[in-house]
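Numbering (UniProt numbering), first residue to last: 1 to 632.
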């Protein structure tokens with residue numbers, strides 16, 4: 001006989017609770033098999049959850065800063081065989097039984113058990129920020145959900161197979177609803193034998209759809225990075241004459257992006273779309289589209305870049321991957337564009353061994369935005385932050401003069417396996433003369449005494465932010481350290497570069513006692529004294545960098561005398577801040593006057609490639625190898 005047991009707050013009649021099914025705007029399957037479904041909605045300063053679990057024992061749900069029990073805010077509830085409902089507010093203290101909180105902040109709204117379906121349904125809520133040190137404040141960054149199912153209602157260790165973790169954004173802007181079946185689509189499908197290399201970037205060329213005129217791309221579904229290809233300035237050739245012979249459809253299977261001598265990779269550097277590990281389908285806001293087909297019935301070409309991560313060096317694996325772009329001839333009012341921010345990929349990004357909370361920054365200088373952004377400004381509506389396995393936090397800082405505005409985007413719990421094109425809660429206006437600085441925090445402690453250097457492997461690092469904006473202006477804006485000066489800081493006198501399939505390697509020639517790969521020097525040979533590391537950390541965060549954009553190379557750093565943005569502390573309402581109000585309307589009629597602080601210039605024998613975008617890849621993605629994808 002089916003048992004339905006209901007727990008209700010005293011203020012809600014049972015009949016009312018039973019008669020009102022709750023529809024939630026967000027849903028995630030936590031276990032990958034549909035046995036544990038989480039639904040939720042944010043209402044003001046409160047978040048309400050519904051958890052549908054395939055279990056008749058206790059159900060554990062938590063929000064954790066790291067995906068483990070440590071410092072997790074945990075809610076455990078269930079329905080006993082006699083119909084008694086129980087619940088408790090706990091916190092994690094490591095790999096042991098959670099501890100009951102001194103103050104309960106979770107509120108159980110509804111609980112039922114359906115024996116015939118082996119199912120428990122719970123509804124519960126709490127404040128986004130309870131101001132309780134034993135709880136976890138929920139913000140607009142990555143939230144790691146942990147869960148556990150008990151075989152009985154006795155709260156004991158659940159075992160290794162009935163627990164899990166999943167990253168998501170609990171506070172986010174919901175994507176517009178769209179029936180993509182009513183749209184035309186351009187699909188790219190590539191079957192590739194994965195190279196037996198630790199990491200590799202594989203590029204293929206593809207001919208786009210023949211269109212009668214301008215259309216708008218309004219949605220993408222995975223994977224990878226796709227670039228627009230362009231005829232070089234001054235060339236008399238057409239796109240078809242330059243690119244068609246290299247297309248996958250014409251039998252060219254592709255090549256390594258960074259070492260190819262045959263494919264015209266350098267002519268395809270404008271990002272059209274990117275997907276990274278953990279990403280979902282992206283649907284544009286209703287008033288925005290990405291323009292294609294602007295030149296009528298002339299074929300356009302694209303380059304698809306796929307990052308294969310193969311640390312086991314497995315040979316012979318073949319699998320299919322690709323993407324679909326959905327487009328329409330019903331044009332939206334606004335053309336979208338993409339700007340790449342952050343630090344260029346190079347060894348100038350070096351994280352010392354066995355170090356936590358090491359910060360790296362990449363700047364988009366006021367000089368760059370002054371020449372690249374139209375007088376009325378541009379409006380940013382989405383963001384994708386990107387680093388690799390050593391990344392712990394990311395923050396895109398926005399300066400107007402020396403005043404820091406609220407962060408454009410941030411993630412204090414960055415998860416490499418969960419990278420999203422995230423629609424901003426509020427669109428943000430960027431004006432000429434503004435500065436954007438992408439700040440990344442790393443930990444190298446997991447690498448067993450080795451350093452982390454900048455590069456394309458997931459064991460190396462990047463610090464980047466791709467932002468979507470309107471109206472399209474066509475710019476990229478990043479910076480890098482002076483590589484020659486960087487190497488000289490470690491005692492390097494002369495070196496040479498070697499272009500490999502995995503990217504550029506720096507080989508030291510002199511002094512002879514340091515000869516070899518730069519990674520070996522900073523990992524095994526160099527003496528990272530505390531004095532050196534302290535000075536190095538400050539210089540890499542606050543020192544000058546080279547910024548390349550719009551055909552110019554300038555020196556940049558954080559603004560002098562900057563006034564930092566301080567997030568509002570809801571637990572301390574008497575806190576006094578100088579934070580400005582940031583307009584979100586696109587109706588900017590008069591640009592704000594912006595003054596740029598004078599930056600002291602330095603001289604040196606900088607690497608001439610540091611300010612260029614030669615062979616530059618904006619973002620990478622990891623192809624997850626699943627048995628279901630392997631082709632025999």
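Glycine is no exception: its CB is placed at the ideal position from the N, C-alpha and C atoms. Quantities reported herein were computed from a predicted structural model and do not represent experimental measurements.
- If you look at residue 366, you'll find it isn't in any beta strand (DSSP E); it sits in the alpha helix (DSSP H) that goes 366 to 372.
- Rounded to whole angstroms, the separation of the alpha carbons of residue 311 and residue 199 is 7 Å.
- Per DSSP, the continuous beta strand (DSSP E) segment holding residue 39 begins and ends at 36 to 43.
- Contact check for residue 289 against residue 335 passes: the beta carbons are separated by less than 8 Å.
- For residue 102, there is no enclosing alpha helix (DSSP H), as DSSP marks it with neither H nor E.
- Between residue 77 and residue 122 the beta-carbon gap is near 5 Å, inside 8 Å, which marks them as a contact.
- For residue 242, the secondary structure class from DSSP, reduced to helix, strand or coil, is helix.
- Under the DSSP assignment, residue 541 falls in the alpha helix (DSSP H) whose first and last residues are 530 to 542.
- Residues of the same chain with a CB within less than 7 Å of the CB of residue 237, apart from the 5 flanking positions on each side, are 231 in chain order.
- Residue state for residue 446 is assigned as helix, using DSSP reduced to three classes.
- The residue from 118, 249, 97, 48 with its alpha-carbon nearest to that of residue 81 is 118.
- Per DSSP, the continuous alpha helix (DSSP H) segment holding residue 488 begins and ends at 483 to 488.
- As for any beta strand (DSSP E) of minimum length 3 sitting wholly inside the stretch 226 to 308, the runs are 270 to 274, 288 to 292, ordered along the chain.
- In the three-state reduction of the DSSP assignment, residue 408 falls in the strand class, which pools E and B.
- Of the candidates 210, 476, 244, the residue whose Cα lies closest to the Cα of residue 186 is 210.
- Counting along the chain, the unbroken beta strand (DSSP E) around residue 61 starts and ends at 59 to 64.
- Residue state for residue 113 is assigned as strand, using DSSP reduced to three classes.
- With contacts defined as CB atoms closer than 8 Å, residue 229 and residue 301 qualify as a contacting pair.
- Of the candidates 216, 555, 128, 384, 384 places its Cα closest to the Cα of residue 418.
- Excluding sequence positions up to five before and after residue 39, its CB lies within less than 6 Å of the CB of 24, 27, 50, all in the same chain and listed in chain order.
- Contact between residue 339 and residue 475 holds: their C-beta atoms lie close to 6 Å from each other, under 8 Å.
- Rounded to whole angstroms, the gap between the alpha carbons of residue 488 and residue 420 is 37 Å.
- Unbroken beta strand (DSSP E) runs of no fewer than 3 residues, entirely contained in the stretch 176 to 216, are found at 184 to 193, 199 to 207, following chain order.
- Taking a 10 Å sphere around the C-beta of residue 84, we find fewer than 16 other C-beta atoms and assign the residue as exposed.
- A distance below 6 Å between beta-carbons, with the five flanking residues on each side excluded, links residue 348 to the following residues of its chain, in chain order: 480, 481, 483, 486.
- Residue 169 and residue 494 have their C-alpha atoms some 47 Å from each other.
- Of the candidates 163, 177, 425, the residue whose Cα lies closest to the Cα of residue 141 is 425.
- Taking the C-beta atoms as reference points, residue 305 is found nearer than 8 Å to residue 203.
- In this structure residue 501 touches residue 259 by the C-beta definition: roughly 5 Å separates them, less than 8 Å.
- With contacts defined by Cβ atoms closer than 8 Å, residue 287 and residue 318 do not form a contacting pair.
- Under the three-pair Cβ rule at 8 Å, the stretch 367 to 381 counts as touching the stretch 430 to 444.
- With a cutoff of 8 Å on beta-carbon distance, residue 392 and residue 408 are scored as not near each other.
- The beta-carbon separation of residue 165 and residue 149, rounded to 13 Å, does not stay under the 8 Å limit for a contact.
- Taking C-beta atoms as the reference points, residue 342 and residue 465 count as a pair closer than 8 Å.
- DSSP places residue 520 within a helical segment (H, G or I) once states are collapsed to three.
- Distance between residue 45 and residue 536, taken at the CA atoms: about 42 Å.
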